[in-house]
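Using our numbering, the letters of the sequence shown correspond one by one to residues 12 to 295. We treat Cβ as the ideally placed atom computed from N, Cα and C, and that holds for glycine.
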Amino acid sequence: MPRATSTDISLTKSYIPKVSKIPGISPTIAKFYKSIENRNIHEGRVVDQAYYKSNNIERLFTNIRFDCLFKINEPIVPRFILDFYSQVTVQTDEYGYLVISFMIQHEFITLTLAQFGQILKIPYNGQAVFTNEWDLGSLEYSQETEGPYSTDLPTPDDIRRLLELEHVMIDRTIKRGHRDHLPACFAHMLYCVVAEEQYNLAYFFVKRIEYARANPTANLPYGMFLTRLYRHIMEVYPHLDNGIYDIVDRVMRPLALKQTWRPRSDCGKARHSVSSSRHVISST
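This is the structure we're talking about:
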């Protein structure tokens, strides 16, 4: 993660409420919040329209419905984020479909992956895989080989060739004359962007939420997207909008990117340098 982004994330401590210290709160409820409220929130960044409307970028991302990553621009609801992450669980139903469940105050809410994607306005069909590893070979070991999310993934060599990565080392060095940070899943996302193959972003979101919930040191992702979930829930359950959810502006600075797209000589498609693309994807 870029150093400036890491600094921004740490600033979210300034507004994360200490729910566990509210007078009169039961010890049982306080325990749910205590480990969550000490995390940082990954708010996400807003991308300048002038950037994504230039050099064919908008077309490529729109073709697989990844324009949702450019158009997101929401404030943050920190108490709702804590409520969500304090009890969220991810399960699989009898047909193999993912189901995400969580408690907001006294309402138990269950959403299918499709419903979750529709509310967040992100794609919920296409290639599906999640790994927190950096090695491209980890994609094969993380993919589902049967059921509704069975995916015929590209090989590591396919990804390297299309993105023009010579080799991804275990120490996270990409031999392009500089060090880079490109996790395997993000490389796969970029492959889908360039190859114009649909990608199941809702699947990735839910799996990453599950990982963050289980990892006591992980930042809490998708701050802006969870604002959309907050608004949906308050519309469906208006009695929950009882004044405890303060909405705050993001503390992150706007995302500035260099325009480094150039046409591929072998297929005529536009290609974006990996060093800039990774920031667009990580803005979620």
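Could you check what DSSP says for residue i in three-state terms: helix, strand or coil?
i, result
"LEU231", "strand"
"ILE220", "helix"
"GLN60", "helix"
"LEU109", "strand"
"PHE127", "helix"
"ILE52", "strand"
"TYR210", "strand"
"GLU151", "helix"
"GLU85", "coil"
"MET263", "coil"
"GLU246", "helix"
"VAL140", "coil"
"LEU237", "helix"
"ILE115", "strand"
"LEU122", "strand"
"VAL340", "Because the chain here runs from 12 to 295, residue 340 falls outside it and cannot be looked at."
"ASP163", "coil"
"ARG76", "coil"
"ASP169", "helix"
"GLU69", "helix"
"TYR202", "helix"
Distance check for residue j and residue i, CA to CA, integer angstroms please.
i, j, result
"VAL30", "ASP168", "48 Å"
"PHE113", "ASP257", "20 Å"
"LEU22", "ASN49", "12 Å"
"LEU212", "ILE40", "32 Å"
"ALA203", "LEU174", "The displayed chain sequence assigns Cys, not Ala, to residue 203. So the alpha carbons of these two residues sit roughly 10 Å apart."
"ALA139", "ASP19", "30 Å"
"THR156", "ASP163", "8 Å"
"LYS32", "PRO38", "10 Å"
"THR103", "TYR63", "36 Å"
"SER161", "THR142", "15 Å"
"GLY148", "PRO165", "11 Å"
"LEU201", "ILE36", "45 Å"
"GLN129", "LYS24", "30 Å"
"TYR96", "ALA198", "27 Å"
"VAL205", "LEU193", "16 Å"
"GLN209", "ASN74", "8 Å"
"ARG56", "GLU221", "22 Å"
"LEU71", "ASP59", "16 Å"
"ASP78", "GLU207", "13 Å"
"ILE68", "PHE43", "42 Å"
"PHE215", "ARG171", "21 Å"
"LEU268", "LEU80", "A caution first: LEU268 carries a pLDDT of 46, below 50, which makes its placement in the model unreliable, though a value can still be read off. Going by the C-alpha atoms only, they are around 14 Å apart."
"ASN253", "ASP94", "14 Å"
"ALA229", "ALA61", "32 Å"
"ASP146", "SER153", "12 Å"
"GLY137", "VAL259", "34 Å"
Quick one, are the C-beta atoms of residue i and residue j less than 7 Å apart?
i, j, result
"ILE255", "ARG90", "yes"
"VAL88", "TYR241", "yes"
"LEU251", "GLN116", "yes"
"VAL217", "VAL101", "yes"
"GLU85", "MET263", "no"
"CYS195", "GLU144", "The sequence as given places Ala at residue 195; Cys does not occur at that position. Contact flag set, yes."
"ILE52", "ILE92", "yes"
"ARG76", "PRO134", "yes"
"SER46", "PRO227", "yes"
For my contact list, residue i and residue j are in at a C-beta cut-off of 8 Å; report their separation, rounded to the angstrom.
i, j, result
"ALA223", "LEU231", "6 Å"
"TYR26", "GLU118", "With a Cβ gap of about 24 Å, TYR26 and GLU118 do not count as contacting."
"PRO159", "TYR106", "7 Å"
"ARG239", "LYS132", "7 Å"
"ARG124", "TYR108", "According to the sequence as given, residue 124 is Leu; it is not Arg. Indeed they touch by this definition, with Cβ atoms about 6 Å apart."
"ARG261", "GLU54", "5 Å"
**Message:** Ignoring anything shorter than 4 residues, give me the alpha helix (DSSP H) runs that lie fully in the stretch 18-51, in order along the chain.
**Reply:** Positions of the alpha helix (DSSP H) runs, each at least 4 residues long and wholly inside the stretch 18-51, are given as 38-48 in order along the chain.
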